[in-house]
Amino acid sequence: MTITELRILPPLSVARLGASSTPLESYRLEVGDEALGYRKVVPDETFELNQDSGEIVRAYTPARIKFRDGDEVRPVAPFLEVFARTADDVLEPLTIDLLKALGLDAGDVSWTVHVGCRKIERRTFDENDRIEAILKVDDHARHSIDATCPNFRDGMTLPLGWAQYVRPTEEFPEIRLRFTPAAGHVYGASPTGSVYDTKKPDPPHTDDNVPADRIIYDPRKGDWLGYDESKTDPHLLTNPGTIFTQDSNNLSRGYFDDECDGVVAVSLVIDGKTLSAFGRIGSGPPTFAPDTIPIRTVADELEQIAFGVDHDGLATLADAEEILRRAVETVRLFNTTALNGNTVKGRTDQASTMVRQDSNDFSRFFEPIMAPAIVDNRAILALHQNVLAALRSGTGAWFGDALRRPEQVGDLSDLGRRKMPAMMRGADGRHLVLTRRQIDAVVSAAMGSLFTDPTEVSA
Numbered sequence: 001m002t003i004t005e006l007r008i009l010p011p012l013s014v015a016r017l018g019a020s021s022t023p024l025e026s027y028r029l030e031v032g033d034e035a036l037g038y039r040k041v042v043p044d045e046t047f048e049l050n051q052d053s054g055e056i057v058r059a060y061t062p063a064r065i066k067f068r069d070g071d072e073v074r075p076v077a078p079f080l081e082v083f084a085r086t087a088d089d090v091l092e093p094l095t096i097d098l099l100k101a102l103g104l105d106a107g108d109v110s111w112t113v114h115v116g117c118r119k120i121e122r123r124t125f126d127e128n129d130r131i132e133a134i135l136k137v138d139d140h141a142r143h144s145i146d147a148t149c150p151n152f153r154d155g156m157t158l159p160l161g162w163a164q165y166v167r168p169t170e171e172f173p174e175i176r177l178r179f180t181p182a183a184g185h186v187y188g189a190s191p192t193g194s195v196y197d198t199k200k201p202d203p204p205h206t207d208d209n210v211p212a213d214r215i216i217y218d219p220r221k222g223d224w225l226g227y228d229e230s231k232t233d234p235h236l237l238t239n240p241g242t243i244f245t246q247d248s249n250n251l252s253r254g255y256f257d258d259e260c261d262g263v264v265a266v267s268l269v270i271d272g273k274t275l276s277a278f279g280r281i282g283s284g285p286p287t288f289a290p291d292t293i294p295i296r297t298v299a300d301e302l303e304q305i306a307f308g309v310d311h312d313g314l315a316t317l318a319d320a321e322e323i324l325r326r327a328v329e330t331v332r333l334f335n336t337t338a339l340n341g342n343t344v345k346g347r348t349d350q351a352s353t354m355v356r357q358d359s360n361d362f363s364r365f366f367e368p369i370m371a372p373a374i375v376d377n378r379a380i381l382a383l384h385q386n387v388l389a390a391l392r393s394g395t396g397a398w399f400g401d402a403l404r405r406p407e408q409v410g411d412l413s414d415l416g417r418r419k420m421p422a423m424m425r426g427a428d429g430r431h432l433v434l435t436r437r438q439i440d441a442v443v444s445a446a447m448g449s450l451f452t453d454p455t456e457v458s459a
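With UniProt numbering, the residue at position 361 of the sequence shown is 361, and numbering never jumps.
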C-alpha cells in the first residue's frame, strides 16, 4: 500500500479572534419545535489539547458552552486534519499507523503557515505596507505567528496567533495542526491616535484606544497615518469604501487589527517523491450572535459554485424554510425602524442605511423604504410567520415574486426597494440579494408545494 495524494480537510477554516487562553468548545445549532424560533446551542465533541506536550488529552462533550471568560472572548481555534488517498483510491485520515506501514513517522511530516494582513497595502498600494508571516513547523511546540512589515517601527511585529502540530498518540493517531488566532487587539501608528508632524519627535502617548506597546507602525516610513482615500483612483477603492477609522478631516488615524488569512501547507516525502496539500485559513471577529446564521454567507456562494444555480428536481420545503429562518434571524438583530429611514424621536437620517446610501449615491429623494407604520420589528417577524404558513399550506408561490433578483439590485423604485431581503446592503454596496441558488430553492419549493403532497416535499 502506498499514498498517492494528500488532502487537508476542511479545505477552508475560519478562526475567530479572542483574548482568552481557553479556546471555544465545539457546538452545533439545532432547530427547535417553534416554527421560526431561536436555534438551540448544543455542546458537541471537543478536543482538549495540552499546549505544552502538543498532545490531545481527551475528547469530551462539555456540559455547557461558555463564550467568554470575564471580558475575554474565547477564540475559535480550528484543527486542520490531513487525509491520504491510497493506491486503492480510498481517502482516509493520515495516521501514525499508516505512516509506520510506509517506514515513516510523525517527524517526517512538515508544515508551512503563510498568512498576512494586507488591509493597509490594499489601500496605499505600497508593497512595504504588506504585513506577512511565514512559519515552518516540524515539531510539536506551540509557535507564535509574528508578522513583519517594512513600514513597522524597528523591531516591531504583529502577532497573528499560533500554530501547533498536534503530537499524534495511540488514542488520537491522526495528523493534525491547530491554528489559534490572535486576541483581537487594535494597533496603531500615532501615540495620540491622530496625525502629527513626523519631522519632530513622537508626542507623548495619550491614545486611550491603543496602548503604547501596540503603536507599531512607523509613519516616518509609510503613509497609513494620514492616508487620504479621496486621492485614490475611484476604480481602485474597496466597495464600500472608507472602511477604516478617520479623523474629522477624513484622514486615516493609523489604526489596524490582527485579523489575517492565508494558507497552511503540509508535505511528506515518500520514496523520494514529495506529496503536499494545502488548506486556506482566515481569522475574523467573534460571533456575537452565535445562535443565528446570516441570510447570505460564504457557504451559500461556495454551494452555488459547486452545484450550480438550479436544484436537481424540486428543492424541499425544508430548504425554503431554512432560508426564511435565516431571514428572521437577521431581522431580529436589526433596529428596523431606524434602518427603514423612519424619523425616530424627531431625528431623521440618523444611521447608515440603504435610504441614506440611495440618496447620497444617486440623489434619490430621501424617503423610507417601507411604509413607516409597518416596520416595527414585531410586525416584520409576524410577516415572516405568515410567509412560512403560506409555504407550508401550498399557497406561497407568490413569495418567489417578492424576492429581489440579482439583476434588480439597482432598482431604486418604490417596488424595487421593497423586494426581499429589504433594508440590507450587499457587498457591492447596493440592496442585498440572495444567491440565484437560494432563490431557486424558495421558488422550487413553493411551486412544489402547490402540486405535491406536502409530507413528501418536506421529507
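Backbone N, C-alpha and C define an ideal beta-carbon position, used for all residues, glycine too.
Return helix, strand or coil for residue i, following the three-state DSSP convention.
i, result
"Ala-289", "coil"
"Pro-454", "Confidence is the limiting factor: at Pro-454 the pLDDT is only 49, short of 50, which leaves the residue's position unreliable and the question unanswerable from this model."
"Phe-399", "helix"
"Glu-407", "helix"
"Ile-8", "strand"
"Asp-126", "coil"
"Lys-345", "coil"
"Asp-228", "strand"
"Ala-459", "Residue placement at Ala-459 is poorly supported in this model, since its pLDDT is 42, which falls under 50; the coordinates still yield a value, given next. Here Ala-459 sits in coil by DSSP."
"Ser-444", "helix"
"Lys-66", "coil"
"Thr-330", "helix"
Taking the CB atoms as reference points, tell me whether residue i and residue j lie closer together than 8 angstroms.
i, j, result
"Leu-17", "Ser-283", "yes"
"Leu-403", "Ile-439", "yes"
"residue 460", "Asp-300", "Outside the displayed range of the chain (1 to 459) lies residue 460, so it cannot be described from this structure."
"Arg-130", "Tyr-217", "no"
"Met-447", "Ala-397", "yes"
"Asp-108", "Leu-99", "yes"
"Thr-337", "Val-344", "yes"
"Tyr-255", "Thr-245", "yes"
"Val-442", "Ile-323", "yes"
"Asn-340", "Met-420", "no"
"Val-263", "His-114", "yes"
Assuming residue i contacts residue j under a Cβ cut-off of 8 angstroms, what Cβ separation, rounded to an integer in Å, is found between them?
i, j, result
"Arg-378", "Leu-412", "Actually they are not in contact, since the Cβ atoms of Arg-378 and Leu-412 sit about 28 angstroms apart, beyond 8 angstroms."
"Pro-181", "Ala-15", "4 angstroms"
"Leu-94", "Glu-174", "7 angstroms"
"Pro-191", "His-205", "4 angstroms"
"Leu-268", "Leu-6", "6 angstroms"
"Ala-77", "Phe-179", "6 angstroms"
"Ile-8", "Phe-278", "6 angstroms"
"Pro-294", "Arg-326", "7 angstroms"
Have a look at the options and flag the residue whose alpha-carbon is nearest the alpha-carbon of residue i.
i, options, result
"Val-166", "Thr-148, Ser-190, Arg-123, Glu-81", "Glu-81"
"Glu-259", "Gly-272, Ala-338, Gly-161, Thr-297", "Gly-161"
"Ala-59", "Ile-8, Asp-52, Arg-142, Thr-169", "Thr-169"
"Asn-239", "Ala-427, Phe-278, Glu-303", "Ala-427"
"Asn-386", "Val-328, Val-41, Val-31, Pro-406", "Val-328"
"Ile-359", "Asn-128, Arg-430, Met-1, Leu-317", "Correcting the residue type first, residue 359 is Ser in the shown sequence and not Ile. Considering only alpha carbons, the answer is Arg-430."
"Ala-106", "Ala-315, Asp-310, Asp-97", "Asp-97"
"Asp-261", "Tyr-187, Ser-13, Ile-3", "Ser-13"
"Asn-50", "Asn-209, Asp-71, Leu-29, Phe-172", "Phe-172"
"Ile-3", "Lys-221, Met-156, Ala-318, Gly-272", "Gly-272"
"Thr-22", "Met-156, Ser-110, Ala-183, Asp-138", "Ala-183"
"Gly-116", "Ile-145, Val-375, Ser-230, His-140", "Ile-145"
"Arg-253", "Arg-64, Leu-225, Arg-68", "Leu-225"
"Phe-399", "Leu-237, Ala-445, Ile-380", "Ala-445"
"His-143", "Pro-234, Asp-71, Thr-112", "Thr-112"
"Arg-356", "Lys-200, Arg-417, Pro-285, Arg-176", "Arg-417"
- Message: For the structure I just gave you, are there three or more beta carbon pairs, one from the stretch 83 to 98 and one from the stretch 45 to 62, closer than 8 angstroms?
- Response: no
- Query: Is the number of C-beta pairs between the stretch 132 to 148 and the stretch 232 to 251 that are closer than 8 angstroms three or more?
  - Reply: no
- How do the stretch 358 to 372 and the stretch 322 to 332 stand: do at least 3 beta-carbon pairs fall below 8 angstroms, yes or no? no
- Query: Would you call the stretch 109 to 128 and the stretch 140 to 159 in contact, with 3 or more CB pairs under 8 angstroms?
  - Reply: yes
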